[in-house]
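Colleague: Residue numbers (the UniProt record's numbering): 1 to 627. The C-beta atom is built at its ideal place from N, Cα and C for all residues, glycine as well.
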């Protein structure tokens with residue numbers, strides 16, 4: 001084997017030993033039913049991740065390593081995390097006035113991750129990370145999120161915040177914090193939101209007062225995921241604050257490392273650092289994940305290290321926000337996979353009613369009813385479409401970070417800027433709708449806690465809210481990418497789809513789909529021209545009134561393009577293998593799924609564009625008292 005994967009090849013044995021010992025604390029029903037065939041298709045047959053092995057950064061890996069990683073992640077998700085899914089929701093977190101206690105079963109999950117080296121999958125091996133390509137690592141992470149997203153909220157925090165420090169921190173801070181963040185000895189959290197400050201991050205009131213080479217922090221933060229818990233001996237808080245005397249606005253905001261327990265320069269632990277949890281939120285979902293209100297410096301003894309340069313806090317944080325917004329899309333894919341799998345299993349077993357139009361016919365399984373098929377295809381097409389979109393973005397992230405070709409890096413970065421707001425907003429909005437659809441398939445049982453889809457629905461609602469509300473994503477897409485930027489990336493994205501349509505308009509079995517795609521592209525192009533005119537004419541309200549719809553149109557264009565590309569790949573495989581291949585039905589399913597999405601979701605673009613063309617201002621012209 002070309003590489004030494006620290007602990008990963010022990011993980012299966014480690015997990016087996018742990019499960020053989022047994023644990024009375026992990027007894028929940030297992031609803032993890034994912035099939036990784038589509039994941040492997042996207043990675044190996046569509047994106048061809050083997051191309052990444054040509055990059056010096058990844059040349060120590062082999063395709064066999066990638067296969068093993070996803071296989072082992074799937075096993076751990078199924079045998080270690082999934083049995084905790086319902087229990088962690090029902091037990092939840094407990095706050096005793098000072099400390100937060102997570103569900104007991106999470107402690108054992110944490111140890112399995114720690115022993116196997118599953119925390120820092122993409123981070124630098126220099127500090128204990130595994131150095132994997134993003135697209136492969138996130139495919140493994142999707143398994144963990146599918147099994148228990150509440151646990152994944154903890155396990156991703158250390159490496160996620162650590163990556164920020166790895167990029168912008170001093171060598172001293174990296175050496176002090178990264179090894180223990182990456183191996184799970186410590187955890188971390190990002191602390192931005194305040195009682196009166198959410199999306200207006202530049203207005204933070206938390207203060208940082210110079211104290212020699214350090215700073216003293218004073219302020220309060222709200223809605224802090226993993227802000228306090230008992231999984232690790234220390235929690236490293238990455239706090240956005242304003243230095244005393246710095247100017248108002250974003251240029252006066254800096255980033256600080258604030259350990260719960262002070263970390264000395266030699267890496268040893270000191271005294272508690274005046275970091276206090278005031279309480280935890282009682283939420284609609286994700287009850288196993290602690291969402292905390294935090295207070296810093298009540299006793300004027302909360303010390304902090306400055307990260308990077310003063311006044312760059314929001315710029316640094318935005319680097320992490322991009323990663324977080326891509327992760328929201330991955331989270332939606334993980335939820336969608338489970339909703340679809342559980343709804344499909346139920347539909348294949350539940351017997352109810354007769355076929356439409358067959359009077360006095362035999363009772364049939366509900367999977368045979370056309371409307372149930374429609375709902376199942378909605379779930380399948382959206383799940384596979386979102387996965388195509390998210391994995392494509394992670395592939396671009398690998399190119400942007402690791403390609404030796406600078407031009408390829410720049411092109412990948414432009415694509416990421418376009419796709420990121422689509423991924424965050426479109427996927428998170430659709431997943432809540434998918435939960436509704438999954439519950440509907442199960443009928444009355446879907447409305448009970450005996451079945452998992454109600455929990456997936458509750459847990460997934462946060463995705464459209466955190467890491468930037470979805471309206472903000474739409475304004476980012478419209479404003480940053482073509483209204484107030486160069487527009488090059490947006491034009492390149494549109495031209496790519498246009499060229500694809502022109503090249504493939506006579507393609508076998510897909511000429512009607514390509515025609516729809518091209519027509520939808522032209523309509524979206526018309527709206528983009530109108531947006532420019534609205535700004536020139538100072539008709540500003542028409543942009544935010546319609547930007548969410550515009551983003552949805554762009555996402556449906558992109559997903560249609562990607563799914564048709566995947567269908568072409570599936571057609572090629574069928575021609576190569578013939579009808580006797582064991583994957584024949586899978587490949588046919590990819591083709592039908594592309595048809596379904598293009599013919600059932602892409603036409604929504606036409607209705608939205610028609611609405612936008614009406615330029616209706618009723619929502620802003622109505623008096624507030626009339627609302």
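Span of the beta strand (DSSP E) holding residue 177?
Modeller: As a working note, residue 177 is residue 177 in the chain shown. Not the beta strand (DSSP E): residue 177 falls in the alpha helix (DSSP H), residues 171-182.
Colleague: How long is the line joining the alpha carbons of residue 567 and residue 342, rounded to whole angstroms?
Modeller: Here residue 567 refers to the residue found at position 567 when the chain shown is read from its first residue. Here residue 342 refers to the residue found at position 342 when the chain shown is read from its first residue. The alpha-carbon atoms of residue 567 and residue 342 are separated by roughly 25 Å.
Colleague: In three-state terms, what does DSSP make of residue 294?
Modeller: Position 294 of the chain shown, counting from 1, holds the residue named residue 294. Of the three classes helix, strand and coil, the one that applies to residue 294 here is strand, per DSSP.
Colleague: To the nearest angstrom, report how far apart residue 51 and residue 133 are at their CA atoms.
Modeller: Taking the chain shown and counting its residues from 1, the one referred to as residue 51 is at position 51. Taking the chain shown and counting its residues from 1, the one referred to as residue 133 is at position 133. So the alpha carbons of these two residues sit roughly 11 Å apart.
Colleague: Excluding the 5 residues flanking residue 355 on each side, which residues of the same chain have their C-beta closer than 7 Å to its C-beta?
Modeller: For the purposes of this step, residue 355 is taken as the residue at position 355 of the chain shown. If we look at residue 355 and ignore the five residues flanking it on each side, its Cβ neighbours are 361, 364, 368.
Colleague: Return the bridge partner residues of residue 234 from the DSSP annotation.
Modeller: Translated into positions along the chain shown, residue 234 becomes position 234. Note: residue 234 sits in a beta bridge opposite 186.
Colleague: Indicate the three-state DSSP secondary structure (helix, strand or coil) for residue 355 in the structure shown.
Modeller: Counting from one through the chain shown, the residue named residue 355 turns up at place 355. In this structure, residue 355 counts as coil in the three-state DSSP scheme.
Colleague: Threshold first: 3 residues or longer. Then list the beta strand (DSSP E) segments lying entirely within the segment 45-70, N to C.
Modeller: Here no run is fully enclosed.
Colleague: Using 10 angstroms around the beta-carbon of residue 611, count the other beta-carbons present and answer buried if the total reaches 16, otherwise exposed.
Modeller: The residue you call residue 611 lines up with position 611 of the chain shown. So residue 611 counts as exposed.
Colleague: I need the straight-line Cα distance from residue 187 to residue 260, nearest angstrom please.
Modeller: Counting from one through the chain shown, the residue named residue 187 turns up at place 187. Counting from one through the chain shown, the residue named residue 260 turns up at place 260. Using only the alpha carbons, I get a separation of about 10 Å.
Colleague: Looking at the structure shown, is residue 271 part of a helix, part of a strand, or coil, going by DSSP?
Modeller: Locating residue 271 in the chain shown gives position 271, where the first residue counts as 1. Note: residue 271 maps to strand in three-state DSSP.
Colleague: By how many angstroms is the C-alpha of residue 390 removed from the C-alpha of residue 330?
Modeller: Looking up residue 330 in the chain shown gives position 330. Looking up residue 390 in the chain shown gives position 390. Cα to Cα, residue 330 sits roughly 6 Å from residue 390.
Colleague: Based on the DSSP secondary-structure assignment, which residues constitute the bridge partners of residue 211?
Modeller: Walking along the chain shown from the start, residue 211 turns up at place 211. DSSP, once it has assigned bridges, lists 214 as partnering residue 211.
Colleague: Which stretch, first to last residue, makes up the alpha helix (DSSP H) that contains residue 608?
Modeller: Here residue 608 corresponds to residue number 608 of the chain shown, with the count starting at 1. Segment 604-613, the alpha helix (DSSP H) holding residue 608.
Colleague: Look at the alpha carbon of residue 590 and the alpha carbon of residue 577, and state the distance between them as a whole number of angstroms.
Modeller: Stepping through the chain shown from its first residue, residue 590 is reached at position 590. Stepping through the chain shown from its first residue, residue 577 is reached at position 577. Straight-line Cα distance between these residues: approximately 15 Å.
Colleague: Would you mind sorting residue 532 into buried or exposed? The rule is 16 or more other CB atoms within 10 Å of its CB.
Modeller: Position 532 of the chain shown, counting from 1, holds the residue named residue 532. Answer is exposed; the Cβ neighbour count stays below 16.
Colleague: Using a 10 Å radius around the Cβ and a threshold of 16 neighbouring Cβ atoms, would you call residue 210 buried or exposed?
Modeller: Position 210 of the chain shown holds residue 210. Under this definition residue 210 is an exposed residue.
Colleague: Between which residues of its own chain and residue 70 is the CB-CB distance below 6 Å, once the five residues before and five after are set aside?
Modeller: Position 70 of the chain shown holds residue 70. The residues are 139, 140.
Colleague: Name the residue from 551, 333, 106 whose alpha carbon lies nearest to the alpha carbon of residue 92.
Modeller: One-based indexing of the chain shown puts residue 92 at position 92. That would be 106, whose Cα lies nearest to the Cα of residue 92.
Colleague: So, does the CB of residue 549 fall closer than 8 Å to a CB anywhere in chain D?
Modeller: Structure shown: chain D not included; a single protein chain is present.
Colleague: Check residue 221 in the structure and name its three-state DSSP category.
Modeller: Position 221 of the chain shown, counted from the start, is the residue given in the question as residue 221. Strand at residue 221.
Colleague: Going by beta-carbon coordinates alone, are residue 217 and residue 241 separated by less than 8 Å?
Modeller: Here residue 217 refers to the residue found at position 217 of the chain shown. Here residue 241 refers to the residue found at position 241 of the chain shown. Against a cut-off of 8 Å, the Cβ pair of residue 241 and residue 217 comes out as a contact.
Colleague: Report the three-state DSSP secondary structure of residue 466 (helix, strand or coil).
Modeller: Taking the chain shown and counting its residues from 1, one reaches residue 466 at position 466. Coil.
Colleague: May I ask you to report which of helix, strand or coil DSSP gives residue 262?
Modeller: Looking up residue 262 in the chain shown gives position 262. Residue 262: strand per DSSP, three-state reduction.
Colleague: Are the CB atoms of residue 602 and residue 565 within a distance shorter than 8 Å?
Modeller: Your numbering for residue 565 matches position 565 in the chain shown. Your numbering for residue 602 matches position 602 in the chain shown. Cβ distance not < 8 Å, so residue 565 and residue 602 don't count as in contact.
Colleague: Excluding the five sequence neighbours on either side, which residues of its own chain have a C-beta within less than 7 Å of the C-beta of residue 615, listed in chain order?
Modeller: Within the chain shown, numbered from 1, the residue matching residue 615 stands at position 615. Closer than 7 Å at the Cβ level, and outside the excluded window around residue 615, lie 542.
Colleague: Would you mind reading off the limits of the beta strand (DSSP E) that contains residue 303?
Modeller: As a working mapping, residue 303 is identified with position 303 in the chain shown. It spans 303-307 - the beta strand (DSSP E) in which residue 303 sits, taken as one unbroken run.
Colleague: Which ranges does the alpha helix (DSSP H) cover as unbroken runs of at least 4 residues, wholly within the UniProt domain "Acetyl-CoA dehydrogenase-like C-terminal" (493-621), from first to last along the chain?
Modeller: You should have 511-536, 542-577, 584-600, 604-613, 618-621.
Colleague: Smallest Cα separation from residue 431: which of 467, 512, 340?
Modeller: As a position in the chain shown, residue 431 is number 431, starting the count at 1. Comparing Cα positions, the closest option is 340.
Colleague: Taking all protein chains shown into account, do 16 or more other C-beta atoms lie within 10 angstroms of the C-beta of residue 156, making it buried, or fewer, making it exposed?
Modeller: Here residue 156 refers to the residue found at position 156 of the chain shown. Buried.
Colleague: Which two residues bound the contiguous alpha helix (DSSP H) that contains residue 146?
Modeller: Indexing the chain shown from 1 puts residue 146 at position 146. Here the alpha helix (DSSP H) through residue 146 covers 134-147.
Colleague: Would you grab the beta carbon distance between residue 426 and residue 551 for me? Rounded to a whole angstrom, and I think it's under 8 Å.
Modeller: Taking the first residue of the chain shown as position 1, residue 426 is located at position 426. Taking the first residue of the chain shown as position 1, residue 551 is located at position 551. Right, their Cβ atoms sit about 7 Å apart.
Colleague: Please report the distance separating the alpha-carbon of residue 448 from that of residue 229.
Modeller: Here residue 448 is taken as the residue at index 448 of the chain shown, counted from 1. Here residue 229 is taken as the residue at index 229 of the chain shown, counted from 1. For residue 448 and residue 229, the distance between alpha carbons rounds to 30 Å.
Colleague: For residue 105, which beta-bridge partners are listed by DSSP?
Modeller: By 1-based counting over the chain shown, the position of residue 105 is 105. According to DSSP, residue 105 bridges with nothing at all.
Colleague: The alpha helix (DSSP H) that contains residue 300, what's its start and end?
Modeller: Here residue 300 refers to the residue found at position 300 when the chain shown is read from its first residue. Premise fails: residue 300 is in no alpha helix (DSSP H) and is neither H nor E.
Colleague: Does the distance from the C-beta atom of residue 280 to that of residue 100 stay below 8 Å?
Modeller: Counting from one through the chain shown, the residue named residue 280 turns up at place 280. Counting from one through the chain shown, the residue named residue 100 turns up at place 100. In contact: residue 280 and residue 100 (Cβ atoms closer than 8 Å).
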